[in-house]
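Engineer: Residue numbers (the numbering used here): 315 to 919. The beta-carbon is built from N, C-alpha and C at its ideal position, and this holds for glycine as well. Remember, predicted model here, so these are calculated numbers, not experimental data. First the structure, which I've put down as structure tokens, then a few questions once you've had a look.
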RNA sequence: GCCGGCGUAGCUCAGUGGUAGAGCAGCUGAUUCGUAAUCAGCAGGUCCUCGGUUCAAGUCCGAGCGCCGGCUCCA
């Protein structure tokens, strides 16, 4: 198993301080300058903000009178091409602070002046590309002519310095590569991402929907989506029972007082729905499951012999999310966490964390995810507990990561209010990272709820709890799965594993007989005997990403066989239905993710 | 929430203040077909909602709701 980690870009959009180490970063940084040069030449009075390289390209922020349109983007791109042709030298220049301020003031670049005042020392380093000059640490390419392949992609608003409340600038996103082949490949990848968009596939494959009448961010799981979810949940439950967890269920609301005790009303209120009053008592729709699990633990005294206790629940929570952040299944207002809480003695903490890490990687691998980005998030500003507790908790997480030789990056101040956490972002087949798994150490809640166990010495001791979700939320995880597989789910998850297609109406009876036999062997099989041409029905099954199409006509009826067509491998030729069922069943029980390479081996995926 | 864009049939989209349109999907019929779309007919509309301007609003204006791209925030 390999792990790759890229450090989080904690410098943010004021990214002039972002280290531009890699050659491609430098190339893209110069591309951003090229963009800014073109914009300032085309539009008088435009102010420049910042323009760093990013993981996939670059952007530059501008303060403008009116927003840029797509036509503007085309014009800017044209001017950029001209500047590249001119092959302007990119020259490093050093000014005194006074000179620099005078220069940028004269050009009406007050945002740059602000940055210079904040960031520059006595000497102000700038880079010029023709008449365009930018306050910048560099380094840069020698000349604009070095930029061979670039494209502007989109325009959107961004807060000045990334601070909400600051004026919004117009951010132009673009990308550039050393060669036009690389650029083409990247643009193809963007196309591929659009093709895999879970929102489109969710509708086309009839997996889920979101209705304006129901409410934004609230998911309606259609039968096929619900089926896949059930398969995921069944697997999840089996693994948790094997893994030493106890399964529990808890309510969706609880008295507001419970959330006061847990600290949620104090630290998490912005994400909570308003309380509901019932018989003069306020109740709160749950944003998290932990207090309920705590109540179960607290329902009777616990001995050191009982620990660790691991409670797991597919718990549905509701969080208020601002309207602009909602996004298909990825960011919703009601979601089901595959949540669990491990209650243990302090001396058990590290081994429990290691156990969770092993568990999460084994579960994720089943779904075909073997590449991760791992982050250790430390104490945020708004948090509860003592410095020692945070240190102990953070160290425990760190030791667990090191024990398993997992590379990670520290994400400062990104922990939860009650403790630090490990976030695991899974990488999909397009190399995109998705935040799913989270592992959190919590001293705060045990203290708040006075969680104790009776030790060997007969006295009460405080315990520690670990919050963890492996898939994160079933909604988001499903969205990631849809995009990862482009809707072509592996056999163990596919709602329909095979469609029997009779060549003509006189083969319909045989088709239904074959389907019935296959269902008898445990397969999920439909018959498409509609009055349409075979090609039409094959096309439809292909578009629905059904793994197998089983064509039956005179030849098959005669021989008692089917002609199998695989969604990816195409025509596999005649097969014995029982043999096919045996292979599919084997594939399902092994939860095979990768399709086997060739038809000739008789492989089935 | 903020900035920008968008909202017309189930889906993708035309529609320039004056009679609401196409393709696909759906339904009906014909066709009985060998590995990604057979042909014909029919039906389908609160032009997102509310308010305003106008003789007249899908079209112009305002507010709200939702969606899209970002920012910010996050499982």
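#1: I'd like to know if the region 777-795 and the region 825-842 are in contact, where contact means that at least 3 CB-CB pairs between them fall below 8 angstroms.
#2: Please list the terminal residues of the continuous beta strand (DSSP E) segment that includes residue 443.
#3: Going by C-alpha to C-alpha distance, which of 908, 747, 765, 483 sits closest to residue 370?
#4: Check each candidate in 701, 454, 709, 636 and name the one with the smallest Cα separation from residue 667.
#5: Have a look at the DSSP bridge pairing and note the partners of residue 775.
#6: By DSSP, does residue 846 sit in helix, in strand, or in coil?
#7: Whole angstroms is fine: what's the gap from residue 740's alpha carbon to residue 629's?
#8: Three-state secondary structure (DSSP) at residue 859?
#9: Would the beta-carbon of residue 625 fall within 9 angstroms of that of residue 677?
#10: Measure the beta-carbon distance from residue 458 to residue 524 and round it to whole angstroms, keeping in mind my assumption that it falls under 8 angstroms.
#11: Output the boundary residues of the alpha helix (DSSP H) element that contains residue 760.
#12: In angstroms, rounded to a whole number, what distance separates the CA positions of residue 903 and residue 805?
#13: Give the DSSP bridge partners of residue 920, in chain order.
#14: Can you tell me where the alpha helix (DSSP H) with residue 339 in it begins and where it stops?
#15: Consult DSSP for residue 427 and reduce its assignment to one of helix, strand or coil.
#16: Please work out which residues of its chain come closer than 7 angstroms, Cβ to Cβ, to residue 899, disregarding the five sequence neighbours upstream and downstream, and give them in chain order.
#17: Name the two residues that bound the continuous alpha helix (DSSP H) containing residue 508.
#18: Beta strand (DSSP E) containing residue 626: first to last residue?
#19: Grouping DSSP H, G and I as helix and E and B as strand, with all else coil, what is residue 810?
#20: Among 762, 763, 777, which residue has its Cα nearest to the Cα of residue 920?
#21: Residue 454 to residue 753, Cα distance in whole Å?
#22: Secondary structure at residue 471, three-state DSSP: helix, strand or coil?
#23: Mind checking residue 907: buried by the 16 CB within 10 Å criterion, or exposed?
#24: Per DSSP, residue 419 forms a beta bridge with which residues?
#25: Along the chain, where does the alpha helix (DSSP H) containing residue 546 start, and where does it finish?
#26: Could you tell me the alpha carbon to alpha carbon distance between residue 798 and residue 477, rounded to whole angstroms?
#27: Under a Cβ-count criterion, where at least 16 other Cβ atoms within 10 Å of its own Cβ denotes burial, should residue 687 be classed as buried or exposed?
#28: Counting only the same chain and skipping the five closest in sequence on each side, list residues whose C-beta sits under 7 angstroms from that of residue 506.
#29: Going by DSSP, what residues sit across from residue 635 in a beta bridge?
#30: Give the C-beta separation of residue 627 and residue 653 to the nearest angstrom, bearing in mind that I take them to be a contact with Cβ-Cβ under 8 angstroms.
#31: Find the nearest neighbour of residue 521 within the set 698, 410, 642, 553, judged by alpha-carbon distance.
#32: How many angstroms separate the CA atom of residue 608 from the CA atom of residue 602?
#33: At what residues does the beta strand (DSSP E) containing residue 379 begin and finish?
#34: Does the distance from the CB of residue 738 to the CB of residue 711 come in under 9 angstroms?
#35: Rounded to whole angstroms, what is the Cα-Cα separation between residue 443 and residue 474?
#36: If distances are taken between C-alpha atoms only, which option among 517, 491, 426, 413 comes closest to residue 800?
Structural biologist: Walking through what the data contain:
#1: no
#2: 437-443
#3: 747
#4: 709
#5: 767
#6: coil
#7: 22 angstroms
#8: coil
#9: no
#10: 46 angstroms between Cβ atoms; not a contact.
#11: 758-762
#12: 10 angstroms
#13: What is shown of the chain runs 315 to 919, which leaves residue 920 out entirely.
#14: 337-356
#15: helix
#16: 835, 836
#17: 494-509
#18: 623-632
#19: coil
#20: No answer is possible for residue 920: the residues shown for the chain start at 315 and end at 919.
#21: 41 angstroms
#22: strand
#23: buried
#24: Residue 419 pairs with nothing; no bridge assigned.
#25: 537-556
#26: 33 angstroms
#27: buried
#28: 744
#29: Its beta-bridge partners do not exist; DSSP assigns none.
#30: 6 angstroms
#31: 642
#32: 12 angstroms
#33: First-last for residue 379: undefined, no H or E at that position.
#34: no
#35: 24 angstroms
#36: 517
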